[in-house]
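First comes the structure, then the notes that go with it.
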Amino acid sequence: MSKVRVLVGTRKGAFVLTADGKREKWDVSGPHFPGWEMYHLKGSPADPNRLYASQSSGWFGQLLQRSNDGGKTWEPVDNKFVYDGTTGTHQWYDGTPHPWEFKRVWHLEPSLTDPETVYAGVEDAAMFRTTNGGKSWQELPGLRNHSTGNRWQPGAGGLCLHTILLDPKNSSRIFIAISAAGAFRTDDGGQTWKPINKGLRSNFLPDQDAEIGHCVHRIAMHRSRPDVLFMQKHWDVMRSDNAGDSWQNVNGNLPSDHVSYPQKDGTTKEADLKGFGFVIDVNTQEPETIYVVPIKSDSQHFPHDGALRVFRSRTGGNEWEPLTKGLPQSNCYVNVLRDAMAVDSLDKCGVYFGTTGGQIYASADAGDSWKAVVHDLPPVLSVEVQTLS
Amino acid sequence: MIRVWLPAHLRTLARTEAEIQVEVPAPVTISSVLDAIEARYPMLQGTLRDHVTRQRRPYVRFFACEQDLSHDPTDAPLPEAVATGAEPFLIVGAIAGGL
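If you're matching them up, the sequences are chains A and B in order. Start counting at 1 in the first sequence, then tack on 132, and there's your number in the numbering used here. Start counting at 1 in the second sequence, then tack on 1, and there's your number in the numbering used here.
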């Protein structure tokens, strides 16, 4: 019988949740690495027992851990992330040049075919890769050295490369996203990159349709259709049907925020902006079914009206239904961070997300109903799930 | 042998007791002690000082003989009592609050 293993990264350690294919009864192990910030854990699609974990602390910096037995035991691997060549500068919050400085690994994306190869997205934004199971890491400098790199500015969470999507049908193609530079794509294995932000519109930018500078929070794809991408931007849920060459807004009936923002002429404009959130994911059984968790913004960052709702679209966007069964519908003021949602490969698709309040919610019926697997973990930074045979 | 006390998180990482002992050729300095620690426990590389700049991490502090040595030159000789093993070299995670 199939099993699922949910890998949870929190502010104070990692947890591994396991269940059989019914996904009703859960075993919880952890905390692994208690007291450490675990930004992300992910298993190799080519060897599910090979896991990688990003471990960091304000005291002792960045560590990388690797497990060869599905998370029962771990061993530290190389933690040396050194930018290739001259680092140069990006823009600081005030627009002044600021040297690139490594801070932490936000996201680990193991190769689809080789357990020894892993991509790492780091802050300040850059892409690293290991091809020897984490024994050493090398930067793919073409991204950071992109001609726009000196104009990238950090978002509130830092200049982080937080999303890496590997194209299952084209091993040379990778999509990444950086807050707040935007989305980029390589078609040559990471040597060169192009911004893929056409169609994004960000009201807070002087040039609202700029080539870069958009605060992309997350991108997702269905394995069967890697040219179809879904994006959760700061505000706006977007869709691309041409591998990011252009995007269309699919906010539809998502909740909105009433905001005011400055105009080029110095005046202020009021608007209702839809679709703020951090996570987005695609149902593994239905490529047109997507999930988001709308969050009230720009500064509150908790659910609208204190009601935690996942919104599901079965039409690839535009038409959304709130999913509430089993989720708190009053006095709920948590957030769901960008790497904290995942989907399993079972039929019906299981959907999982974690909150800054320490809950892990799971749905074994594609979102129709939810149950808190655990209630009181430290703030959840990331959730990944492995479907095991 | 130089006696070194590690903070709790690094003991766990290095799978050691609180006190470790490392052999350090003279002159015994902060740098030479850290070099010896990192050679024997490679998993600690980067946790005490930056990989590239070799600068002490801001929230890592060094003490010995009731003195805060954190801001001393890293190539200055450590107190004789540390060099002889009479007193431990203390590596401490700063009491810095936080989340």
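Beta carbons are placed, not taken as given, at the ideal position from N, Cα and C, and that holds for glycine.
Exposure of residue i, with buried meaning 16 or more beta-carbon neighbours within 10 Å
i         : result
Glu453(A) : exposed
Glu255(A) : buried
Gln46(B)  : buried
Thr1(B)   : As displayed, chain B neither begins before 2 nor continues past 100, which places residue 1(B) out of reach and without an answer.
Pro231(A) : exposed
Asp413(A) : buried
Tyr225(A) : exposed
Asn374(A) : exposed
His507(A) : exposed
Asp320(A) : exposed
Thr295(A) : buried
Thr228(A) : exposed
Asn277(A) : buried
Glu271(A) : buried
Asp471(A) : buried
Ile492(A) : buried
Asp159(A) : exposed
Ser279(A) : exposed
Close-in-space but distant-in-sequence residues of the same chain around residue i (CB under 8 Å, 5 per side omitted)
i         : result
Asp110(B) : Missing from the structure shown is residue 110(B); chain B here goes from 2 to 100 and no further.
Glu248(A) : Thr262, Thr263, Asn264 and Gly265
Gly290(A) : Lys235, Glu255, Asp256 and Ser311
Between the CA atoms of residue j and residue i - distance to the nearest angstrom
i         : j         : result
Lys157(A) : Thr416(A) : 22 Å
Leu469(A) : Thr400(A) : 30 Å
Arg305(A) : Ala474(A) : 22 Å
Asn282(A) : Leu275(A) : 11 Å
Leu139(A) : Met259(A) : 22 Å
Phe213(A) : Thr456(A) : 42 Å
Leu91(B)  : Gly167(A) : 21 Å
Lys503(A) : Cys292(A) : 31 Å
Ser189(A) : Arg137(A) : 25 Å
Tyr251(A) : Leu297(A) : 10 Å
Arg57(B)  : Trp191(A) : 10 Å
Ser372(A) : Arg355(A) : 15 Å
Glu18(B)  : Glu39(B)  : 16 Å
Lys267(A) : Val209(A) : 6 Å
Bridge partner(s) assigned by DSSP for residue i
i         : result
Arg16(B)  : Paired residue(s): none; Arg16(B) is not in a bridge.
Lys365(A) : Val348(A)
Lys301(A) : Looking at the DSSP assignment, Lys301(A) forms no beta bridge with any residue, so it has no partner.
Ala504(A) : Tyr493(A)
Ser372(A) : Leu361(A)
Leu520(A) : Lys135(A)
Beta-carbon contacts of residue i that lie in its chain and below 6 Å, excluding the five residues immediately before and after
i         : result
Pro28(B)  : Pro78
Gln22(B)  : Met2 and Arg4
Pro180(A) : Gln518 and Leu520
Gly345(A) : Leu337
Proximity test, Cβ basis, 8 Å: residue i and chain C
i        : result
Thr48(B) : In the structure shown, chain C cannot be found, because the protein chains are A and B.
Residues of its chain near residue i, where Cβ-Cβ distance is below 7 Å and the 5 sequence neighbours each way are ignored
i         : result
Pro177(A) : Pro242 and Leu244
Ala82(B)  : Cys66 and Glu88
Residue i CB to nearest heavy atom of the ligand MN below 7 Å
i         : result
Tyr225(A) : As presented, the structure is devoid of all ligands, the ligand MN included, so that no description of it is given.
At least 3 beta-carbon pairs within less than 8 Å: the stretch 435-450 of chain A vs the stretch 459-475 of chain A: yes
Inter-stretch contact at 8 Å, needing at least 3 Cβ pairs: the stretch 505-518 of chain A / the stretch 476-491 of chain A: yes
Pairing CB atoms from the stretch 138-153 of chain A with CB atoms from the stretch 164-184 of chain A, are three or more of them under 8 Å? yes
Do the stretch 382-389 of chain A and the stretch 423-437 of chain A meet, that is, are 3 or more Cβ pairs less than 8 Å apart? yes
Would you call the stretch 307-316 of chain A and the stretch 332-351 of chain A touching, i.e. three or more CB-CB distances under 8 Å? yes
Taking 8 Å as the threshold, find out whether the stretch 183-203 of chain A comes into contact with the stretch 325-340 of chain A through three or more Cβ pairs. no
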